[in-house]
Amino acid sequence: MIRRSIPIVLLLSLLLPWSGSALAQEEYTPPTAKPGPAVETLYFKSFNVDRAPLDIEAGEMDLYYYNLKIAAARELRDNDTVNLYEAPANTLSLILNPAPAAEGDLNPFSIPEIRRAMQRLVDREFVAREIYQGQATPMYTVNSPNDFDYLTVFDIVQEQDLRYDPEFARAEIAAAMEEAGAELVDDVWNFNGRPIRIKFIIRVEDERRELGDLVRAALGEAGFLVDANYQPFAPAIQTVYSTDPKQFSWHIYTEGWGRGAPNRYDFGSINSYNAPWLGNMPGWQQTGYWQYENEELDAIGKQLYRGEFTDKAERDELYRQMTRMGLDESIRVWVATVNSAYAVQKDVQGITQDIAAGPRGLWTLRTAYKEGSDALTVGHLWVWTERTTWNPVAGFGDIYSSDIYRQLSDPAMWNDPFTGIPEAFRIGFDVETAGPDGTLTLPDDAMRWDADAGSWATVEAGTEAISKVTFDYSKYFQAPFHHGQPISMADVIYSIYQGFDLSYNPDKARIETVLATTSRPNLETFKGFRVVDENTIEVYVDFWHFENNYIASYATPSSVGTPWELLYALDDVVFNQRRAAYSDIAAARYNVPWISLVLDRDARLVRRALLDLQRNESTPDNVFTLPGADAPLVDAATAVERYQAVLDWFDAHGHMIISNGPFFLARYDPPAQFAELTAFRDESYPFTAADLYKGIPQLISFSEIDAGTIVAGEEYAATVTLDGPGAMGIEYLFIDAANNTIIDQGDATDNGDGTFTVALNADLTNQLDLGLYNLTLAAYSDELAQMTERTLELEVSLFGDALSGERDDATDEQQVDAEPTAAPDEEAATEGNEECPPDSEKGFFERLWDSVTGGGC
1290 MIRRSIPIVL
1300 LLSLLLPWSG
1310 SALAQEEYTP
1320 PTAKPGPAVE
1330 TLYFKSFNVD
1340 RAPLDIEAGE
1350 MDLYYYNLKI
1360 AAARELRDND
1370 TVNLYEAPAN
1380 TLSLILNPAP
1390 AAEGDLNPFS
1400 IPEIRRAMQR
1410 LVDREFVARE
1420 IYQGQATPMY
1430 TVNSPNDFDY
1440 LTVFDIVQEQ
1450 DLRYDPEFAR
1460 AEIAAAMEEA
1470 GAELVDDVWN
1480 FNGRPIRIKF
1490 IIRVEDERRE
1500 LGDLVRAALG
1510 EAGFLVDANY
1520 QPFAPAIQTV
1530 YSTDPKQFSW
1540 HIYTEGWGRG
1550 APNRYDFGSI
1560 NSYNAPWLGN
1570 MPGWQQTGYW
1580 QYENEELDAI
1590 GKQLYRGEFT
1600 DKAERDELYR
1610 QMTRMGLDES
1620 IRVWVATVNS
1630 AYAVQKDVQG
1640 ITQDIAAGPR
1650 GLWTLRTAYK
1660 EGSDALTVGH
1670 LWVWTERTTW
1680 NPVAGFGDIY
1690 SSDIYRQLSD
1700 PAMWNDPFTG
1710 IPEAFRIGFD
1720 VETAGPDGTL
1730 TLPDDAMRWD
1740 ADAGSWATVE
1750 AGTEAISKVT
1760 FDYSKYFQAP
1770 FHHGQPISMA
1780 DVIYSIYQGF
1790 DLSYNPDKAR
1800 IETVLATTSR
1810 PNLETFKGFR
1820 VVDENTIEVY
1830 VDFWHFENNY
1840 IASYATPSSV
1850 GTPWELLYAL
1860 DDVVFNQRRA
1870 AYSDIAAARY
1880 NVPWISLVLD
1890 RDARLVRRAL
1900 LDLQRNESTP
1910 DNVFTLPGAD
1920 APLVDAATAV
1930 ERYQAVLDWF
1940 DAHGHMIISN
1950 GPFFLARYDP
1960 PAQFAELTAF
1970 RDESYPFTAA
1980 DLYKGIPQLI
1990 SFSEIDAGTI
2000 VAGEEYAATV
2010 TLDGPGAMGI
2020 EYLFIDAANN
2030 TIIDQGDATD
2040 NGDGTFTVAL
2050 NADLTNQLDL
2060 GLYNLTLAAY
2070 SDELAQMTER
2080 TLELEVSLFG
2090 DALSGERDDA
2100 TDEQQVDAEP
2110 TAAPDEEAAT
2120 EGNEECPPDS
2130 EKGFFERLWD
2140 SVTGGGC
């Protein structure tokens, strides 16, 4: 069939943040060369998102850490006193409750065909274009179109063809409902003579309210009665993530997710949002709840998570399998990536623009300052909510606590804000690996915690592991914790012990079931530990990656964010006294507080435990007695001194948050929605503000595209010029626009001068019908954990001269890119998502518990 051709070459540009060329790098000279941050004080205060633009214009705050609403951001564009920094920092999804209903009832979302139909019932383009006024991009998988791993799956997204098609979706829903025994009565689905009602939890703080209304209307048109329940953060989270799905307190919820750092090679997010083993899928791995189960997804997810692949190609294939299966299951329907806008007073200097998190990343508040002031006021939607919980094991599950705590604690490793590769932050490391095919033999004095014996035991002779990482903790150990006590190997050892004993000690595992269940698959890969000297520890793991830094990140045993004596007292309160719980699920199950160290009630529980430990001169049984050591790492006198230091800290500050970073928590006042952070100026602290400033990245842009008409039966070439850092490349998809099928795909040829060529041979073009086709280009760099996508609309014609006149004009248009979106003195333009990022690159145990407990906040 010959389709009628239209003589036009058109560049279709997806709205993608970071599409501009290189941004000017500001000179950075911090106001102090002292160890610690650039300012002496950070004040965190709550500002309503609707009033935030007025408050920042009035100088009530220096920067707003919650993303502005779209209309407000537009109004601030022309304000000479405010800079807007933009980043794809938030993503939106709908989570569907797939639990089967009781006999006699029907839950439509228990039917896979209906869940899949939801993919086409949601108008993502309308969400991006109208609700977010062009400041969002449609999203179909766990990968944002900005993510580097979108390169791995973008052909799958194309093949799935999940474009908005309400008629098709309604037909699929009708067929599945009739198959299940439902009938349509007066345009409403009924089952056993009763109308089916869907309970829809809709967030109210931001544009998710409009998203919820859109989806509610679509469900109504599909024949469902929808009970919309509009809720703010705390009650919404409680309803969805802390109840048994089979109670049907909810059927669908407007999720939002915040991103803390870019990640070049994801393995955590795709597991957390698809595979039930990590505890972030309905049922939440809580004993007694109905559980969404998928053994195949779990198996592939664990294989990816634990580095059980032989090369990047196999890793990518595992990722692709999980993506296909996630779409097939459709427990989550991804909607959009929001190009979130953060307002900052123009006189604030030292901003680092993380390509995923924007100024909300790790770096900015450690380096930001304004001339003539030694303080910054940071606005947020909330400082405290009913769900805000400060505990180092299973707390910090919302951005309101984690955004503050990030300034108090130094990670061992953190993903580079531009490349997305884990890098050493306050730890040194050396990786030795025999992977992917070989193994290393552990030394005879390597050890592992034996929860049954309650002591460290040397590994069996001949024990093998794939990789060994030697960690140097001297940058941690050279400076004290905030309460003045030294950071030492004892803190590392206690952290390792705590993770293993919580998971394998049956008494503890019965209490914190979710933490234990979800930790074990990873703890199995830790084969042994060996303390080399007072600063150095070797970790042996069955984990491999083609990028060594990921091996180090995976194997990191601890970021020593909390002194061992505080963890010991917490363990006593949770497991011996049973007066509190680490996780919200265990707290609800046993009717005890979800322990939060900033609340006076909870902190006093720990205080009483410390007094008992001090009185009895207690130390953790066998924890500090290592095989072959001449003496324990901690003696009774040292322990008593450290207990007293924590007690003194509580008396001085009224809370028990003690860590190791550039600020300490001087004051925390939940009723007043206020927190005060003071610079930690110990002379031995290893960083100054100048050490941590990263600035603004150079980004990839399409600077010129020369793409003419495709002449059937002749060779075709499109030439693309890129601007950007590092070694760049382009992957392409050539797509039949009529039926959205992929005809050809591959890598563009690098011409060595910044230009790339996409070539189609004559045999291929000879098989093409006349008409319109799309050429999708995905540009990437080895220095950015991000891709930039463009789509060209091309015509196939019998003649090549018809467009010669228009092609120059079209090419001129193609050279015009979007303006840079994230630099001071540049024009720039949101949703507030409270969930913590799962890839924050802490120590293994802290990171795993973040994955388990931080999701869905």
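Okay, so the sequence shown: first residue is 1290 according to the working numbering, each after it adds one. Here a beta-carbon is modelled for each residue, glycine too, at the ideal position from N, C-alpha and C. A quick note: this is a predicted structure, and the numbers were derived from the prediction, not measured.
Residue from the options whose Cα sits closest to the Cα of residue i
i                  : options                               : result
glycine 1557       : Asp1587, Asp1910 and Tyr1694          : Asp1587
proline 1484       : Thr2008, Ile2031, Leu1395 and Thr1543 : Leu1395
alanine 1458       : Ile1491, Gly1661, Ala1406 and Ala1465 : Ala1406
glutamate 1375     : Ser1629, Trp1539, Glu1468 and Ala1471 : Ser1629
tryptophan 1623    : Ala2048, Ser1808, Pro1427 and Ala1657 : Pro1427
phenylalanine 1991 : Leu1352, Ile1589, Thr2065 and Ile1490 : Thr2065
alanine 1979       : Asp1605, Gln1638, Val1881 and Tyr1783 : Gln1638
alanine 1465       : Ala1511, Asp1444, Ala1425 and Asp1454 : Ala1511
leucine 2073       : Glu1712, Ile1644 and Asn1368          : Ile1644
tyrosine 1594      : Ile1874, Gly1572, Pro1810 and Asp1822 : Pro1810
alanine 2026       : Ala1425, Tyr1332, Glu1448 and Pro1986 : Glu1448
isoleucine 1359    : Glu1349, Asp1344, Asp1339 and Glu1346 : Asp1339
asparagine 1680    : Gly1788, Ser1885, Tyr1562 and Leu1503 : Ser1885
Exposure label - residue i; buried when at least 16 CB within 10 Å
i                  : result
arginine 1621      : buried
aspartate 1958     : exposed
asparagine 1865    : exposed
aspartate 1889     : exposed
proline 1389       : exposed
threonine 1747     : buried
arginine 1649      : buried
arginine 1867      : exposed
proline 1706       : buried
glutamate 1854     : buried
glutamine 2056     : exposed
threonine 1430     : buried
alanine 2118       : Low local confidence applies: a pLDDT of 29 at alanine 2118 is under 50, so the model's placement there is unreliable, and no value is given.
threonine 1708     : buried
tryptophan 2138    : Below a pLDDT of 50, predicted positions are generally treated as unreliable, and tryptophan 2138, at 44, falls in that range; the measurement from the model is reported next regardless. Buried: at least 16 other Cβ atoms inside 10 Å.
phenylalanine 2088 : exposed
aspartate 1860     : buried
alanine 1961       : exposed
serine 1690        : buried
arginine 1797      : First, the residue type needs correcting, since residue 1797 is lysine and not arginine in the sequence shown. With 16 or more Cβ atoms within 10 Å of its Cβ, lysine 1797 is classed as buried.
aspartate 1412     : buried
aspartate 1726     : exposed
glycine 1997       : buried
Beta-carbon spacing of residue i, residue j below 8 Å
i               : j               : result
alanine 1742    : lysine 1816     : no
valine 1682     : tyrosine 1871   : yes
aspartate 1516  : lysine 1535     : no
threonine 1678  : tryptophan 1883 : yes
isoleucine 1384 : tyrosine 1542   : yes
tryptophan 1938 : histidine 1669  : no
tyrosine 1519   : valine 1477     : no
glycine 1788    : aspartate 1761  : no
serine 1948     : threonine 1845  : no
Limits of the unbroken alpha helix (DSSP H) element including residue i
i               : result
methionine 2017 : Per DSSP, methionine 2017 belongs to no alpha helix (DSSP H); it is in the beta strand (DSSP E), 2017–2025.
serine 1847     : Where serine 1847 is concerned, there is no enclosing alpha helix (DSSP H), given that its DSSP letter is neither H nor E.
leucine 2053    : 2051–2055
Range of the contiguous beta strand (DSSP E) that encloses residue i
i                  : result
phenylalanine 1991 : 1990–1995
methionine 1265    : Absent from the model: residue 1265. The displayed extent of the chain is 1290 to 2146, so no value can be given.
phenylalanine 1835 : Counting along the chain, phenylalanine 1835 falls outside any beta strand (DSSP E), and DSSP gives it neither H nor E.
tyrosine 1765      : Looking at the DSSP string, tyrosine 1765 is not in any beta strand (DSSP E); the run it does join, the alpha helix (DSSP H), is 1763–1766.
alanine 1517       : 1514–1520
Minimum Cβ-Cβ distance from residue i to chain B less than 8 Å
i           : result
serine 1629 : Among the chains of the structure shown, chain B does not appear; only one protein chain is present.
Worksheet item: Could you give the uninterrupted runs of the alpha helix (DSSP H) lying entirely in the region 1721–1748, keeping only those of 4 residues or more?
Response: Here no run is fully enclosed.
Discussion item. Which complete beta strand (DSSP E) runs does the region 1668–1727 hold, if anything under 3 residues is left out?
Written reply: 1702–1704, 1711–1713 and 1717–1722
Discussion item. If we require 3 or more residues per run, which beta strand (DSSP E) segments fall completely within the region 1415–1503?
Written reply: 1425–1427, 1472–1474, 1477–1480 and 1486–1492
Discussion item. Extract the residue ranges of the alpha helix (DSSP H) inside the region 1560–1599, only unbroken runs of 4 or more that lie entirely within it.
Written reply: 1584–1594
Discussion item. As an exercise, report each continuous alpha helix (DSSP H) stretch of at least 4 residues that is fully enclosed by the region 1768–1814, in chain order.
Written reply: 1778–1793, 1795–1800 and 1802–1812
Worksheet item: Mind pulling the beta strand (DSSP E) runs of 3 or more residues that sit fully within the region 1883–1939?
Response: none
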